[in-house]
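Read through the structure below, which is laid out as structure tokens, and then see the notes.
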Amino acid sequence: MSQFENFKKDILLFYEEELAKGTLPEPLMMPTPAGLRDYALALSASEMTPDDHRVFKTFFDLEKKYDSLSEAIDRSDRDRLIPVQRFLMRTTISPREGVVKLAAILVDYPNRPFRIDAEARKITSPTEPHAEPIVGEPSVGIPKNKKIYLLIFAGAVVVLGIALALNLANPPKSCMVWAGERYEKVDCTVKLASGNPIIPLNEDKLAHFQKIMRTDTLTRWSAGKIWYAQINRKVEFYTEAGTHPVKTDRGLRLATEYMIHKYAGRNSTKPNKGE
Numbered sequence: 156m157s158q159f160e161n162f163k164k165d166i167l168l169f170y171e172e173e174l175a176k177g178t179l180p181e182p183l184m185m186p187t188p189a190g191l192r193d194y195a196l197a198l199s200a201s202e203m204t205p206d207d208h209r210v211f212k213t214f215f216d217l218e219k220k221y222d223s224l225s226e227a228i229d230r231s232d233r234d235r236l237i238p239v240q241r242f243l244m245r246t247t248i249s250p251r252e253g254v255v256k257l258a259a260i261l262v263d264y265p266n267r268p269f270r271i272d273a274e275a276r277k278i279t280s281p282t283e284p285h286a287e288p289i290v291g292e293p294s295v296g297i298p299k300n301k302k303i304y305l306l307i308f309a310g311a312v313v314v315l316g317i318a319l320a321l322n323l324a325n326p327p328k329s330c331m332v333w334a335g336e337r338y339e340k341v342d343c344t345v346k347l348a349s350g351n352p353i354i355p356l357n358e359d360k361l362a363h364f365q366k367i368m369r370t371d372t373l374t375r376w377s378a379g380k381i382w383y384a385q386i387n388r389k390v391e392f393y394t395e396a397g398t399h400p401v402k403t404d405r406g407l408r409l410a411t412e413y414m415i416h417k418y419a420g421r422n423s424t425k426p427n428k429g430e
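End of the sequence shown = 430 in my numbering, gap-free, step of one.
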């Protein structure tokens with residue numbers, strides 16, 4: 156068995172031991188893609204080792220598109236965490252290396268990061284001889300008929316110009332705004348009477364982040380799968396993690412069985428006013 160296979164095996168054994176003890180954070184007790192992403196976001200705000208930070212950065216922002224790691228995690232598709240969930244639940248055979256390394260951080264496996272020991276590094280690949288540059292040979296690959304290439308280039312410029320003009324006439328809806336129950340796509344320059352903040356488009360939130368209007372349908376089985384916030388002495392429940400869609404300085408919390416029993420469900424002990 157390879158060293159990495161042993162590393163994977165040890166992570167799962169450690170995770171299952173901690174799971175049996177009941178010492179794991181709530182998102183790891185019954186891992187879901189959204190819960191794992193929410194937990195990863197929380198970890199990114201804490202002090203991380205350079206190795207852990209590098210694993211997070213590679214997993215969530217390999218193309219380096221975002222200014223901060225927390226922004227990359229918050230705007231990532233929750234489906235990105237499905238392989239991590241499957242690895243922890245032993246429903247996958249060959250997880251990627253990045254998936255395994257991220258799982259090791261989430262469960263706080265002590266013997267990380269994965270390193271190949273000196274014995275495994277003894278196998279070396281043959282070195283190719285250095286190729287000297289050939290001087291004096293004529294360059295090859297120059298097209299014989301330049302007119303054809305000029306016509307192709309001119310055509311491409313025309314098509315690009317038309318596409319740009321259409322884009323300016325009909326700007327894409329690359330932002331979104333909270334519409335009361337869910338997010339809706341809007342033009343980033345539009346001004347709305349609601350005053351709700353206009354934020355960059357997040358396709359995952361657009362599709363999955365919703366306010367739960369029928370709180371009487373929530374049960375004890377909803378605990379650990381939905382989130383809540385208390386705004387103006389009223390508790391609101393949501394389908395996904397993140398920040399409150401209007402009070403953006405307020406983060407959503409994972410709903411416990413106690414919160415659902417008290418503020419939602421048919422037998423709630425303290426139903427929200429006005430519902």
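Note that beta-carbon positions come from the ideal geometry of N, C-alpha and C, so glycine has one too.
Quick caveat: nothing in here was measured; it's all calculated off a predicted structure.
Between the C-alpha atoms of lysine 389 and tyrosine 418 there is a straight-line separation of about 9 Å. Under DSSP, isoleucine 353 forms a beta bridge with Val332.
Within 10 angstroms of the beta-carbon of phenylalanine 308 lie fewer than 16 other beta-carbons, which makes it exposed. Restricting attention to Val239, Pro238, Asp263, the CA atom closest to the CA of threonine 204 is found in Asp263.
For the 8 Å CB-CB criterion, leucine 243 and tyrosine 170 form a contact.
Take the alpha-carbon of lysine 340 and the one of glutamate 412: they are about 34 Å apart.
No Cβ-Cβ contact shorter than 8 Å links asparagine 351 with tryptophan 376. Between arginine 230 and asparagine 357, the C-beta gap is smaller than 8 Å, which places the two residues in contact.
Closest in C-alpha terms to threonine 394, from the list Tyr338, Leu373, Lys366, comes Lys366. DSSP places leucine 409 in the strand class (E or B) of the three-state scheme. Per DSSP, the unbroken alpha helix (DSSP H) holding isoleucine 260 starts and ends at 252-261. Ranking Glu173, Thr374, Pro268, Lys256 by CA distance to the CA of arginine 421 puts Thr374 first. The alpha-carbon of isoleucine 260 is positioned some 8 Å away from that of arginine 267. Alanine 197 and asparagine 161 have their alpha carbons spaced roughly 28 Å apart. A distance below 7 Å between beta-carbons, with the five flanking residues on each side excluded, links serine 225 to the following residues of its chain, in chain order: Leu196, Ser199, Ala200. Where valine 341 is concerned, the enclosing beta strand (DSSP E) starts and stops at 338-341. Shown here for methionine 185: same chain residues with a beta carbon closer than 7 Å to its own, the five before and five after excluded, namely Gly379 in chain order.
The C-alpha of alanine 396 is placed about 16 Å away from the C-alpha of methionine 414.
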